[in-house]
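Heads up: the sequence shown is residues 379 to 1650, going by our numbering.
Glycine included, every Cβ here is placed at the ideal spot set by N, Cα and C.
Quick caveat: nothing in here was measured; it's all calculated off a predicted structure.
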Amino acid sequence: MPSVAGMRTFFIPFLIILLSEGYFRWVEAQHCVWYGECGESEKVPGKKYNCNFTGSPIPLESEGYELLTELCPGFDYGNRSLCCNVDQLRTLKGSLQLPLQFLSRCPACFFNLMNLFCELSCSPQQSQFMNATKFNGTNVVEVQYYIGKTFTNAMYNACKDVQAPSSNVKALSLLCGKDAKDCNATNWIQYMFSTDNGQAPFPIIPIFSDAPVSGYTPMNNKTYACTEGLEDGSGPCSCQDCTQACGPKPVPPPVPPPWTILGMDAMNVIMWISYMAFLLIFIGTVLGTWCYRKRTIMSEYGPILDSNNPLSLNSDDPDQVNASCCETMGERFENAMRVSFSDWGSFCVRRPYVVILGSLILVTASSAGLAYMRITTDPVELWASANSQARQEKDYFDSHFGPFFRTTQLIITTPLNKPFTYSPYFGGSDVPFNSILDKSVLHQVLDLQLEIESLVATYQGQEVTLKDICLAPLAPYNNNCTILSVLNYFQNSHALLDHWIGDEFYVYADFHSHFLYCVSAPASLNDTTLLHDPCLGTYGGPVFPWLALGGYDGTNYNNATALVITFPLNNYLNDSVRTGKALAWETEFIKFMKNFSNPNLTVAFSAERSIEDEINRESNSDISTIMISYIIMFIYISLALGHINSFRRLLVDSKISLGIAGILIVLSSVSSSLGIFSYAGMPITLIVIEVIPFLVLAVGVDNIFIVVQTYQRDERMPQEELHQQIGRILGEIAPSMFLSSFSETVAFFLGALTNMPAVRTFSLFAGLAVFIDFLLQISCFVSLLGLDARRQEGKRLDICCCLKLPEGQEEKTDGLLFRFFKKVYAPFILKEWVRPIIVAVFVGILSFSIAVVNKVEVGLDQKLSMPDDSYVLDYFKNLSEYLHTGAPVYFVVEDGLNYTSPEGQNAVCGGVGCNNDSLIQQVYAASLINNYTTIANTPSSWLDDYFDWVKPQSTCCRYYNTSGSFCNASVVNPSCVSCRPMTPSGKQRPMGDDFMHFLPMFLSDNPNVKCGKGGHAAYATAVDLYPNNTGVGATYFMTYHTILKESADFIDALKMARILAANISQSMDHNVFAYSVFYVFYEQYLTIVYDTALNLCVSLGAIFVVTTVLLGFELGSAAMVSITIAMILVNMFGVMWLWDISLNAVSLVNLVMSCGISVEFCSHIVRAFSISVKKNKVERAEEALAHMGSSVFSGITLTKFGGILILALSKSQIFQVFYFRMYLAIVLLGATHGLIFLPVLLSYIGPSVNKAKVFAANKRYAGTERERLLNY
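This is the structure we're talking about:
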């Protein structure tokens, strides 16, 4: 028993000690750490310290009940005994305004955050997890706050994805003191409890642990995940604000693999096999035919001696012919044309002055329309049809929100190579900086920026400054211009750039630390360093680092190698005066920058007007090149037309005056075409002015050579007068001229069916010019030829008609080129062993071209549109090298959506309760796979920001209860009351009239320290309100494209944005479209392959139909022309691939033109072949090539060749690529196909002779001198 009593004696005191310790710790847990507010904070002016108090919690005054319910509903029970009073609750509400505005869009996140601060400020069990460590009299100046790691991590996880819609960034970037990617659970809380954030009046030291520490039990309250709804009925956070609430991350479709066969490009393999198969079949057929002819002792070249052959001129019965119905009809049509043109030609020679005068009157009347000529250089007018989707969307955007602003931009680098390292005073790893961010360089850049700001231009006698035209989103409250520059982090001030805090030994904070803070929180009004300088730009908005810096990697903005300064200027719709002021200032800016020089800075720059200015300058500088090109062609034409029989008759036989007249006729047809369409009010483009003279010269000169050279080779019949001879000649050749000209005219006019303005305008002008040229040639030129022939017969000198050559015996000879073609070239080309080689080579070239036709790139490198010496080229180069973000893209919701209804709101918004397939959610999902969609960021959403702004917990939405007008959050006035009551219905989104009542207030509210959600700066132009604010019309939601460098990137971006907009429209059942400033230029490339194929096929079809009819319904001849032209066009694509010429509107114009010029190379020879009366196809092809080939060669090939070579000297890259290279290819391919391949093709598969035509020719010429000439 004693032992038991001894144990009891020991145990009872020990138990009493344990119980007493537990009792005292329990009593201590009921103590407060503070209560009420005392003195002013020394570290954060305007804030107060809490008063030291270790007593029990005190019941809250009744006036604080509503505030307690709003902030900390968990404490609203019993007698509401707390460790805080009403003043502390008011301070808590004010301090949490920014987190409330940015995080309340995710209820779980904001609930957890309020839990953290309510426990800190008011908890009745404060002393259980808080320890006041420093005091200053009655003031608590430092506390330790023990927080559970579980709570900390859960709160961070619920908040880490929440978006800040107006800034396109995560909310934690604005609330953590650093970029969201560098923010974590602990450093976020440390920042919120630091005095550096400008809100905490004294340091609060968070200690993170789940286990008790030093007798303190960490606060580890219940938390909600962002996927959970709250007990008050709030739903889970949206996918945009909570990754866990999303389904699987969208996966882009796999990139289709290249089409290959055995690892090689499929088209190459297919065409190689096809070519080999063709060669085997073709060579086999040729050899088989040759052996067969040898065996039967026949030769294609053998004479046909059967005198009874109906094709023979020696036929015994000339009245017998076995012609088909089609052949007879063709002969009659041909005869009708021959007779008509013969009569007309005879009239023109007999009445030359009447015809010439009539032509002059018509040309003058037509050309007078040039007085109304309007040349358009507006790129939008050039490349986008007025009824195209992009133009209509642009017009809709401009009319509802105003035109996209004008951009003046500088990209600045430095030749200095002095990288340096910054070592933060308060610890952390060293940060490397590149030379461009050296403070001395920044000062020089700021000097440049300030000089640009002070530029003064003059417009109509008035001074124009940057402030008159710049974008100032907060005007008239803040008239500072928007300047997107890294210097705006320092308020564009040399003093703030030099601002530093430190002592004689150390620098605690300077421009390095401020820069590093601002690039992570560009919308901050107070950095967390000791500087406490704002990052927000002077214009009232943030300067995002990806817009102001270039050449960095990832988000390491300190590694930037370039500074980007952007001055957005206002753009005006239908306001020529204000637009003129902007243009005048831009001119002054360009002039200033061209003269700017600083050895430490390399500046590339551009203004909105730069590209158009440089294109105009390029066009003007190329006038001399074009003129030299035309002069060379004119000189050649004037000299080559004459057929000189002897040196003595040099000035008699020359055709200089006739050549000049022919050229003037060509130019008259161009001016008449321009004039007629100018009467109709159609604007003229530079492409028309530069290309059409070349085209019409090719067609017109060819016809001139054919007319003149046919006359020179012709022998006048006995008793035939001059007018009869020229009439007869015109009857023979005018059908061929009519065939080529009319084919081209119809092809061009059909080409005008395209939607591309540049191509349509060219096609219309070209078609009319070609046809007018033909009409003038068969009238005015024939009259002039008659006059010149009389001069020549009268032995009068060319030009000096009054002088006459003495009489002498002259012998008429054929021209050298004609003799070469007749005696050497044509027989050689058509030799039996040469023809298969020619076919093999040309089919090989065709096979190669088909293989690469799908590899021709689509687009137009904008650098090509600039002259070689343009300052804009440097800007384009730097743009692609340094910039890290693409153009803004707007998703426009067209008028008609009911935003006052929950259905309308849920279809658009991105917050709690919004549809999973809402506009914001779909664009957000697209931004997750931006490598595929090219959508870089989550869109800014005025609707979501409006919902946050109008919440009754926020101080943003208030009005004067006396007048009902809006009261800004920065105003201190007791008559300002919250817009909506703190009731369950008041906390819901505004609907109906409520929605429209407060929306105009939101759109006029400027953001400030107490309310960062004001919509004036970000959304003033994003919402088109009905008159008297009765409803919401069209609105937009803006984001950015990823960086776009090549044409293919821009085309892909447009395509993907339209697909996304179509999906949104379908899910909303309301029309939504995507708009960006470049869409109007790149839309043509979405359909250019189809447009090209359609244009060229329609042109070929037109040529085939016209050729069929005008050749007397000979389908075979029309097929030969069409096949050869098709080969030329396909081979043009081969040349484009080899020479890096992309497919765009300019090259399409050239392809359409090449289709027209190819008719000239082919149709004359095919027609000569069809009317030839020689005995077999080889001889007919030889005759056609000899007679027409020389005229085609001298008329087009030689004429153009000299002129084209001059284009290579042009300063314009677009001339060198699209004119010199393509024109050269057109002429060379046309000449080789028309003068080499086509005669060979005709000799193999040309159509049989039209028996009716031969019979008619025999009958017409039998017994005349013409019969001898035909046999010759």
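Simplified DSSP assignment, three categories, for residue i
| i | result |
| --- | --- |
| residue 1169 | helix |
| residue 500 | helix |
| residue 507 | helix |
| residue 975 | coil |
| residue 566 | helix |
| residue 450 | coil |
| residue 618 | helix |
| residue 1091 | helix |
| residue 1097 | coil |
| residue 638 | strand |
| residue 1461 | helix |
Run of the alpha helix (DSSP H) containing residue i, from where it starts to where it stops
| i | result |
| --- | --- |
| residue 468 | 464–473 |
| residue 1416 | From DSSP, residue 1416 is part of no alpha helix (DSSP H) but of the beta strand (DSSP E) over 1410–1418. |
| residue 1216 | 1212–1230 |
| residue 1627 | Where residue 1627 is concerned, there is no enclosing alpha helix (DSSP H), given that its DSSP letter is neither H nor E. |
Spatial distance of residue i from residue j (CA atoms)
| i | j | result |
| --- | --- | --- |
| residue 1304 | residue 1298 | 10 Å |
| residue 813 | residue 535 | 39 Å |
| residue 617 | residue 958 | 47 Å |
| residue 873 | residue 817 | 12 Å |
| residue 1424 | residue 893 | 32 Å |
| residue 692 | residue 1552 | A caution first: residue 692 carries a pLDDT of 42, below 50, which makes its placement in the model too unreliable to give a value. |
| residue 573 | residue 624 | 36 Å |
| residue 1134 | residue 1140 | 10 Å |
| residue 821 | residue 875 | 8 Å |
| residue 1232 | residue 645 | 9 Å |
| residue 1506 | residue 955 | 51 Å |
| residue 1204 | residue 1429 | 49 Å |
Sequence-distant residues of its chain with Cβ nearer than 7 Å to residue i (five each side left out)
| i | result |
| --- | --- |
| residue 598 | 526, 528, 529, 588 |
| residue 1308 | 1314, 1420 |
| residue 425 | 419, 579 |
Minimum C-alpha distance to residue i - residue among the options
| i | options | result |
| --- | --- | --- |
| residue 1245 | 636, 993, 481 | 993 |
| residue 570 | 1540, 595, 475, 1162 | 475 |
| residue 1082 | 1038, 1121, 542 | 1038 |
| residue 846 | 950, 765, 820, 862 | 950 |
| residue 590 | 507, 1084, 1553, 948 | 507 |
| residue 609 | 504, 489, 1397 | 489 |
| residue 1009 | 1075, 965, 1108 | 1075 |
| residue 1334 | 607, 1326, 913 | 1326 |
| residue 1556 | 1277, 1296, 1206 | 1206 |
| residue 1238 | 1466, 1226, 1302 | 1466 |
| residue 988 | 1492, 905, 1253, 1598 | 1253 |
| residue 1113 | 602, 717, 1162 | 717 |
Own chain residues within Cβ distance below 8 Å of residue i, not counting five before or after
| i | result |
| --- | --- |
| residue 1100 | 727, 1094, 1164, 1167, 1168, 1171 |
| residue 972 | 1249 |
| residue 1049 | 741, 744, 745, 748 |
Contacts around residue i, its chain only, beta-carbon distance under 6 Å, and the 5 residues preceding and following it disregarded
| i | result |
| --- | --- |
| residue 1324 | 1380 |
| residue 936 | 809, 811 |
| residue 1146 | 1051 |
| residue 890 | 800 |
Range covered by the beta strand (DSSP E) that runs through residue i
| i | result |
| --- | --- |
| residue 886 | 885–887 |
| residue 412 | 412–418 |
| residue 1356 | 1354–1356 |
| residue 843 | 840–843 |
| residue 441 | Per DSSP, residue 441 belongs to no beta strand (DSSP E) and is neither H nor E. |
Proximity test, Cβ basis, 7 Å: residue i and chain D
| i | result |
| --- | --- |
| residue 943 | Of the protein chains in the structure, only one exists, and it is not chain D. |
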